Amino acid sequence: MRVSRIVQLLIGWMLTSQVYGQAVHKHALAIPGSANLSINNGSSQELAYYQLDPLPDVPVRGLLILLPGFGGQAQDVFRETRLPQEAAQIGLITIVPTLNNRLYLDRASKQFIDTTISQVLHANPAVGRRLVMGGFSAGGHLALSYAETLLAGDAQERVALMAAFGVDPPLDMRQFWQLGQRRIEQNCSKLLRREGQRILASLTNAFGGSPDKFPVQYLNGSAFAGIDSLGGNARWLKSTPIRIYAEPDLTYWREHYCPAFTADDLTAKTSERMIERLRQLGNAQAQYIETNGRGFVRGRRFPHAWSILNANECVAWLQGLL
Numbered sequence: 003m004r005v006s007r008i009v010q011l012l013i014g015w016m017l018t019s020q021v022y023g024q025a026v027h028k029h030a031l032a033i034p035g036s037a038n039l040s041i042n043n044g045s046s047q048e049l050a051y052y053q054l055d056p057l058p059d060v061p062v063r064g065l066l067i068l069l070p071g072f073g074g075q076a077q078d079v080f081r082e083t084r085l086p087q088e089a090a091q092i093g094l095i096t097i098v099p100t101l102n103n104r105l106y107l108d109r110a111s112k113q114f115i116d117t118t119i120s121q122v123l124h125a126n127p128a129v130g131r132r133l134v135m136g137g138f139s140a141g142g143h144l145a146l147s148y149a150e151t152l153l154a155g156d157a158q159e160r161v162a163l164m165a166a167f168g169v170d171p172p173l174d175m176r177q178f179w180q181l182g183q184r185r186i187e188q189n190c191s192k193l194l195r196r197e198g199q200r201i202l203a204s205l206t207n208a209f210g211g212s213p214d215k216f217p218v219q220y221l222n223g224s225a226f227a228g229i230d231s232l233g234g235n236a237r238w239l240k241s242t243p244i245r246i247y248a249e250p251d252l253t254y255w256r257e258h259y260c261p262a263f264t265a266d267d268l269t270a271k272t273s274e275r276m277i278e279r280l281r282q283l284g285n286a287q288a289q290y291i292e293t294n295g296r297g298f299v300r301g302r303r304f305p306h307a308w309s310i311l312n313a314n315e316c317v318a319w320l321q322g323l324l
């Protein structure tokens, strides 16, 4: 196992819980200098990952890494989607890191994922370095961005990236800035206005200011750049199976949040454009999957949710690739 000199791992079984009868184990990591990567329920900023192994009689065939959305708790992913449990049935180890405080892949978050993968590969040699990356919302952007760094040869471990996917992710930070501006200008509610202010504040903190003033930073920090003929960093995905899921239910958003909403106020339009660009680059395995009426959070209708991904169908797709 190759470990950076500045990275020290504190490995231990910290917690065992049951999800649908299967054990989910929590491993703690200590990565000096990587603060503020995790927003926890409590006051600590613990870095860790949760692991669900395949069923006892199923041989290990690969590794599935799922990244939660901004502020989402890693352990909740096992309740919000059945993807880890379904993946266990085809031999995939599922890992969910506590990386939930980033809109884009910076050096610290990349190091966290690098370190997690290194430990898991060392502890589970049967994985065979076969990897699938996926995530929800901001986690989907991180997953696709990390997939791009793997294909660009800029990751700590050499692995075979089998596929990558995002569930309703923001992909183009330039367009995400514009979405934040519209939230403020529309002024439909205090909630949406604050959301727009947070988007602009987060991107200003990340890139220095607006995309007009810092175009290179936005290009480098986005999984997809609509203004670039090759899609920016998305060009690295031109030969990899890619899926992006979206549920652009404008009727719901207009009725519950803002009557002025248009397709430009959702991220689905950008997702569709990225897939179109990849297919133009020759990727026949790039898919934009639009759903209807699948989005629910804790039993309540909400189109921006893990549940828009059909776990059974997604695992069947992955099984075909394996």
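In terms of this note's numbering, the sequence shown is residues 3 to 324.
Glycine included, C-beta positions come from ideal geometry on N, C-alpha and C.
Since the model is a prediction, treat every value here as computed from it, not as a measurement.
How is the alpha helix (DSSP H) around residue i delimited, first residue to last?
{"i": "residue 310", "result": "Where residue 310 is concerned, there is no enclosing alpha helix (DSSP H), given that its DSSP letter is neither H nor E."}
{"i": "residue 112", "result": "109 to 125"}
{"i": "residue 271", "result": "270 to 282"}
{"i": "residue 220", "result": "217 to 222"}
{"i": "residue 151", "result": "140 to 153"}
{"i": "residue 186", "result": "175 to 188"}
{"i": "residue 85", "result": "85 to 90"}
{"i": "residue 79", "result": "79 to 82"}
My output table needs one value for residue i: the three-state DSSP class, helix, strand or coil.
{"i": "residue 45", "result": "The pLDDT assigned to residue 45 is 46, lower than 50, so where the model puts this residue is not dependable; a value taken from the coordinates is nonetheless given after this. In the structure shown, residue 45 sits in coil (DSSP, three-state: anything other than H, G, I, E or B)."}
{"i": "residue 262", "result": "coil"}
{"i": "residue 100", "result": "coil"}
{"i": "residue 24", "result": "strand"}
{"i": "residue 322", "result": "helix"}
{"i": "residue 94", "result": "strand"}
{"i": "residue 242", "result": "coil"}
{"i": "residue 225", "result": "coil"}
{"i": "residue 214", "result": "coil"}
{"i": "residue 105", "result": "coil"}
{"i": "residue 237", "result": "helix"}
{"i": "residue 257", "result": "helix"}
{"i": "residue 60", "result": "coil"}
{"i": "residue 39", "result": "coil"}
{"i": "residue 267", "result": "helix"}
{"i": "residue 157", "result": "coil"}
{"i": "residue 286", "result": "coil"}
{"i": "residue 2", "result": "Nothing about residue 2 can be reported from this structure: the residues present for the chain run from 3 to 324 only."}
Need the endpoints of the beta strand (DSSP E) that residue i sits in, please.
{"i": "residue 203", "result": "No beta strand (DSSP E) holds residue 203; the alpha helix (DSSP H) holding it covers 192 to 209."}
Whole angstroms is fine: what's the gap from residue i's alpha carbon to residue j's?
{"i": "residue 63", "j": "residue 180", "result": "42 Å"}
{"i": "residue 284", "j": "residue 264", "result": "30 Å"}
{"i": "residue 56", "j": "residue 81", "result": "17 Å"}
{"i": "residue 314", "j": "residue 214", "result": "42 Å"}
{"i": "residue 307", "j": "residue 261", "result": "21 Å"}
{"i": "residue 154", "j": "residue 319", "result": "24 Å"}
{"i": "residue 231", "j": "residue 60", "result": "44 Å"}
{"i": "residue 45", "j": "residue 111", "result": "With a pLDDT of 46 at residue 45, under the threshold of 50, the modelled position of this residue cannot be trusted; read the value that follows with caution. Straight-line Cα distance between these residues: approximately 20 Å."}
{"i": "residue 124", "j": "residue 160", "result": "13 Å"}
{"i": "residue 88", "j": "residue 53", "result": "14 Å"}
{"i": "residue 295", "j": "residue 84", "result": "17 Å"}
{"i": "residue 237", "j": "residue 226", "result": "8 Å"}
{"i": "residue 222", "j": "residue 297", "result": "31 Å"}
{"i": "residue 256", "j": "residue 211", "result": "30 Å"}
{"i": "residue 302", "j": "residue 309", "result": "11 Å"}
{"i": "residue 133", "j": "residue 165", "result": "7 Å"}
{"i": "residue 76", "j": "residue 189", "result": "32 Å"}
{"i": "residue 217", "j": "residue 233", "result": "14 Å"}
{"i": "residue 276", "j": "residue 266", "result": "15 Å"}
{"i": "residue 206", "j": "residue 105", "result": "12 Å"}
{"i": "residue 291", "j": "residue 268", "result": "15 Å"}
{"i": "residue 196", "j": "residue 73", "result": "16 Å"}
{"i": "residue 121", "j": "residue 186", "result": "43 Å"}
{"i": "residue 157", "j": "residue 251", "result": "37 Å"}
{"i": "residue 246", "j": "residue 150", "result": "15 Å"}
{"i": "residue 311", "j": "residue 293", "result": "8 Å"}
Pop quiz: residue i and residue j are said to be a contact at Cβ under 8 Å. What is the actual Cβ separation, rounded to whole angstroms?
{"i": "residue 66", "j": "residue 136", "result": "7 Å"}
{"i": "residue 173", "j": "residue 273", "result": "6 Å"}
{"i": "residue 100", "j": "residue 50", "result": "5 Å"}
{"i": "residue 92", "j": "residue 321", "result": "5 Å"}
{"i": "residue 98", "j": "residue 68", "result": "5 Å"}
{"i": "residue 70", "j": "residue 38", "result": "Actually they do not touch by this definition, with Cβ atoms about 16 Å apart."}
{"i": "residue 224", "j": "residue 175", "result": "4 Å"}
{"i": "residue 323", "j": "residue 243", "result": "6 Å"}
{"i": "residue 140", "j": "residue 171", "result": "7 Å"}
{"i": "residue 248", "j": "residue 270", "result": "4 Å"}
By DSSP's criteria, residue i is part of a beta bridge. Which residues make up the other side?
{"i": "residue 247", "result": "169 and 291"}
{"i": "residue 134", "result": "66 and 165"}
{"i": "residue 302", "result": "299"}
Do residue i and the ligand ZN come close, with the Cβ less than 7 Å from some heavy atom?
{"i": "residue 276", "result": "You won't find the ligand ZN in this model; it holds no ligand whatsoever."}
Step through the CB atoms of chain C and report whether any lies within less than 8 Å of the CB of residue i.
{"i": "residue 227", "result": "As a matter of chain content, chain C is missing from the structure shown, which is built from one protein chain."}
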